[in-house]
Amino acid sequence: MSDSQKFPVAAHVLAYLAHKAAFSADRAVASAELAASVPTNPVVVRRVTAMLGKAGLLGARAGANGGAWLLRPADEISLDIVLRAVNGCAHLGVAPKGVKGCPVGEKIPDAVRSAIQAADRAAHERLARITVADLLNGAHESAAAAAE
Numbered sequence: 004m005s006d007s008q009k010f011p012v013a014a015h016v017l018a019y020l021a022h023k024a025a026f027s028a029d030r031a032v033a034s035a036e037l038a039a040s041v042p043t044n045p046v047v048v049r050r051v052t053a054m055l056g057k058a059g060l061l062g063a064r065a066g067a068n069g070g071a072w073l074l075r076p077a078d079e080i081s082l083d084i085v086l087r088a089v090n091g092c093a094h095l096g097v098a099p100k101g102v103k104g105c106p107v108g109e110k111i112p113d114a115v116r117s118a119i120q121a122a123d124r125a126a127h128e129r130l131a132r133i134t135v136a137d138l139l140n141g142a143h144e145s146a147a148a149a150a151e
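Encoded structure:
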């Protein structure tokens with residue numbers, strides 16, 4: 004699964020679990036049900052839920068009666084935490100190495116690297132203000148409009 008797919012799938016899975024009030028093992032939601040909602044393959048969902056589990060965002064149980072559930076309330080899970088759990092950062096790319104002797108090639112890699120780092124910080128700062136609960140309630144839409 005590409006990095007560009009992990010974050011949206013993770014946010015969707017967490018929102019679906021919150022919607023289903025899956026806050027304990029007895030309310031676990033099967034990966035097949037989660038995958039049908041995304042929609043994607045259950046294997047993709049299991050990979051993402053494993054990452055979210057390592058980050059302490061959800062619990063999971065394997066097997067026929069397996070499934071996933073939230074370990075924290077949806078209003079306490081910000082999207083920057085989700086992004087860090089599955090991607091680490093916004094992944095805007097890596098600046099290429101410069102070419103010595105070229106006036107552009109010597110300077111551009113540092114400039115591009117700096118721009119990527121600034122964009123990554125801005126993305127995390129914005130995502131820190133949006134929770135999984137906000138996704139369900141549509142609050143992120145009004146916050147995005149206010150930021151414009």
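In the numbering used here, the protein residues as written are 4 to 151. Note that CB positions come from ideal geometry on N, CA and C, so glycine has one too.
Query raised in the report: DSSP on T134, reduced to helix/strand/coil?
Result: For the purposes of this step, residue 134 is identified with residue 131 of the sequence shown, where counting begins at 1. T134: strand per DSSP, three-state reduction.
Query raised in the report: How should D29 be labelled, buried or exposed, when 16 other C-beta atoms within 10 angstroms of its C-beta is the threshold for buried?
Result: For the purposes of this step, residue 29 is identified with residue 26 of the sequence shown, where counting begins at 1. Burial is judged here by how many other beta carbons sit within 10 angstroms of a residue's own beta carbon; D29 has fewer than 16 and is exposed.
Query raised in the report: R50 lies in the beta strand (DSSP E); which residues open and close that run?
Result: As a working note, residue 50 is residue 47 in the sequence shown. Run containing R50: none in the beta strand (DSSP E); it sits in the alpha helix (DSSP H), P45 to K57.
**Report entry** Best match in T52, R116 and C105 for proximity to V85 [C-alpha to C-alpha]
**Finding:** Counting from one through the sequence shown, the residue named residue 85 turns up at place 82. Here the closest residue by C-alpha is T52.
Query raised in the report: Do the CB positions of A39 and L55 come within less than 9 Å of each other?
Result: As a working mapping, residue 39 is identified with position 36 in the sequence shown. As a working mapping, residue 55 is identified with position 52 in the sequence shown. Not a contact, by the Cβ cut-off of 9 Å.
Report task. Name the two residues that bound the continuous beta strand (DSSP E) containing A71. Result -> For this step, residue 71 is matched to residue 68 along the sequence shown. Here the beta strand (DSSP E) through A71 covers G70 to L73.
Query - Nearest-angstrom Cα separation, counted from L17 out to P76 - result: Along the sequence shown, one-based indexing puts residue 76 at 73. Along the sequence shown, one-based indexing puts residue 17 at 14. Taken atom to atom, the span from the alpha-carbon of P76 to that of L17 is near 10 Å.
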